[in-house]
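Shown next, in structure tokens, is the structure this report addresses.
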Amino acid sequence: MRVIFIADVHHAFAQVERLLEQTEADLYLVTGDLVSRAFFRYATAWRFMELQQAMAGFRTRENLDETLDRAAQRILKSGKGHPQFTQAEEYTALSLKAEAYLQKSYDRLERIFGCYPEKEIYVLPGNYDMNLGQTSLGHRDLHLRCMESNGLRVAGLGGADVMTPGMPDHLQVPYDKKQDAAFPGFLRESRPHMLVLHQPPYGYHDVLPGHGHSGSPVVRDFVDESDVSVVLSGHHHEQWGADFSNGTWFFNPSNSGRSVEVSGARPGGFFFDIAIHNKRVEAATLRRLEKKGVFDIIDYHPSGTKMESLILDEERYMLLGGKAGKTQHIEPIRQFQRIKSFFLNYETPESVSLIRELRSIYRKIHEQGMEVAFDLLGSISFGIARESSDMDVVVYMRSRDCVLDDEDTCGVPRPLAAVFDELKERHLEVEVCDSLDLDRVTQAIAEEDAEDGQLQRFIFYRLVCRPVNLRVVKRVENLLLEKDPFRRKVEEGLEEYIQVLVSSVRHVKSFEKYKARLREREIDLPPDVEEAIRNYLRG
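Those letters in the sequence shown? Residues 0 to 538, per numbering that gives the first Met the number 0, in order.
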């Protein structure tokens, strides 16, 4: 079973639509805060917050335990002679305006969901949301409800124990101590395998800088005493990631919609893609939805009683807030990568199709018990392949499948060669330019053997190529990144070879071909990219 979980949407409904369009899952959980404001105009929101403070002041002076709306109604009943009558009148009018705006927002989100009737989609309110049971999303609302999907029981608790400026408190899902205390009773009855929250349980993804843990102790107690296997939460955008404790997984994907915080603007688009089998997590990937597509950032998977993680994309990992050492490459490689990133902005449909073919190959081979991955060379690596383009690849495999030849290259295993022959019959030519033993490369990294030829070639390909079946390659590459001085030493040793390659006639012609293909599509190279290419080819 595959579950996609996004939190803190913040009115980014178009992004939700693209997520539904570009992903496939058995269950989608779209949880609060679905909206980011209760008014279209920020000036109105600021005015409402001023009125909230005025009503809160009256409530405190009168020692009342009620919503601000009820406090405003008390003032209005006192008559126009009350000193805060005008404020209460304005507060009430703006509350009605807020409710109308929120209802329209949820109507819009429901229309998006309605375009995908084949997808099972549920929502949960956050502290910025009104009670979703009173909206067009009511039939999808998980708050204090339990549902079952593919044998997996899922229960939800929305809202948060926090005062939310700008939101009429009488519209919000109440999150008080009484409800918090009553929640375990609901859970004991429903016995969920998966728990969906807005505010996390105490101790997991709940740290407020300068304040410590802020999650729910009552929910934490239930999780510790129950057999809940998965807990999903949001609310704290910077407390993203996965934890694994006593057989229970805790996930926070960070914000899906863009967020403006004290530390500055925080980009969105993040979500978890979780594979579940027999009610247990097999693997989870933190991903990001962008205009160019969906990108995998980090994998999490169980390893005995512990959790292992694999960073797949250092750049997006650091954008999210993760800490990773910045890799410094030699100048020719930096130039090459800058140029290549420009071309990839204009990737052709043919390139996407060819890469899809290679993905089907490694999956087919995997079913036969063999693990392979590829690095792409040439025009497909730059994303500008044509329908007639060959696929120039480097093949990675394991020692058990590698038979070395006189050139220190693994021969192409028979099952893989058979698949390549099938493609050839369909006029898809695969040219194997090199093939490496990943187990040997791993050993060379462990021993810091800078003279190992396969390690040198692995480092070169990782600098200039584009991977297919990234996870297999990254398990080895990340070992190398942990030994950055050693990696740089090997990379610097390759500089002379790279200079020879850059100045070769074939390499120069390749770039002329790439530029010509862009011009055919009426895409002009900016002057700075033209200059970068000239500088790169001059070496």
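No residue lacks a Cβ here, since even glycine has one placed at the ideal position from N, Cα and C. Remember, it's a predicted structure, so these values are computed and weren't measured experimentally.
Status (buried if at least 16 other CB within 10 Å, exposed otherwise) for Asn534: exposed
Determine the closest residue to Cys354 out of Gln334, Leu343 and Met390, with distance taken between C-alpha atoms. Note on residue identity: the sequence assigns Ile, not Cys, to residue 354. Of the listed residues, the one whose Cα sits closest to Ile354 is Met390.
I need the straight-line Cα distance from Gln102 to Gly233, nearest angstrom please. 23 Å
For Asn251, tell me which candidate among Arg425, Lys291 and Ile297 has the shortest Cα-Cα distance. Ile297
How is the beta strand (DSSP E) around Met146 delimited, first residue to last? Cys145 to Ser148
Give the straight-line distance between the Cα atoms of Phe270 and Thr284, rounded to the nearest whole angstrom. 8 Å
In the DSSP assignment, what residue or residues form a beta bridge with Leu539? What is shown of the chain runs 0 to 538, which leaves residue 539 out entirely.
Does the region 159 to 171 come close enough to the region 113 to 132 to have 3 or more Cβ pairs within less than 8 Å? yes
So for Gly56, helix, strand or coil by DSSP? helix
Write down every uninterrupted run of the alpha helix (DSSP H) in the region 48 to 136 whose length is 4 residues or greater and which is fully enclosed by it, in chain order. 67 to 77 and 84 to 113
Closest residue to Ile522 among Asn344, Leu376 and Asp420 (Cα-Cα distance): Asn344
Kindly list the residues whose CB is nearer than 6 Å to the CB of Phe419, restricted to its own chain and excluding five residues on each side of it in sequence; keep chain order. Val429
Simplified DSSP state of Leu536, which is helix, strand or coil: helix
Where does Cys114 land, buried or exposed, given buried means 16+ other C-beta within 10 angstroms? exposed
Output needed for Arg315: all residues of its chain with C-beta closer than 7 Å, excluding positions within five of it in sequence on either side, in chain order. Arg287, Phe294 and Ile296
Could you tell me the boundaries of the beta strand (DSSP E) in which Gly292 lies? Gly292 to Ser302
Evaluate Gly377 with the Cβ neighbour count: other Cβ atoms within 10 Å of its Cβ, from every protein chain shown; 16 or more gives buried, anything less gives exposed. buried
Status (buried if at least 16 other CB within 10 Å, exposed otherwise) for Trp248: buried
Rounded C-beta distance between Leu131 and Tyr100? I'm assuming under 8 Å. Not really, about 15 Å apart at Cβ, beyond 8 Å.
Compare the C-alpha of Val351 against each of Arg110, Gly211, Ser255 and Arg385 and name the closest. Arg385
Tell me whether Ser380 sits in a helix, a strand or coil according to DSSP, three-state version. helix
Please classify Leu207 as buried or exposed, where buried requires at least 16 neighbouring CB atoms within 10 angstroms. exposed
Taking Val161 as part of the alpha helix (DSSP H), name the residues at either end of that continuous run. No alpha helix (DSSP H) contains Val161, which DSSP labels as neither H nor E.
Inter-residue spacing [alpha-carbon to alpha-carbon] between Val29 and Ala44: 25 Å
Buried versus exposed call for Ala416 [16 or more other C-beta atoms within 10 Å across all chains shown]: exposed
Between which two residues does the alpha helix (DSSP H) holding Tyr361 run? Pro348 to Glu366
Measuring CB to CB, does Leu75 end up less than 8 Å from Thr91? yes
In whole angstroms, what is the alpha-carbon distance linking Val230 and Pro414? 42 Å
DSSP bridge partner residues for Thr284 (one or two, in chain order): Asp272 and Asp298
Between Pro266 and His235, what straight-line distance do the alpha-carbon atoms span, to the nearest angstrom? 14 Å
Nearest to His506 by CA position, among Phe335, Asp433 and Leu427, is which residue? Phe335
Rounded Cβ spacing between Trp239 and Leu319 (contact assumed at less than 8 Å): 6 Å
Consult DSSP for Pro200 and reduce its assignment to one of helix, strand or coil. strand
Express the C-alpha separation of Val501 and Gly155 in angstroms, rounding to a whole number. 58 Å
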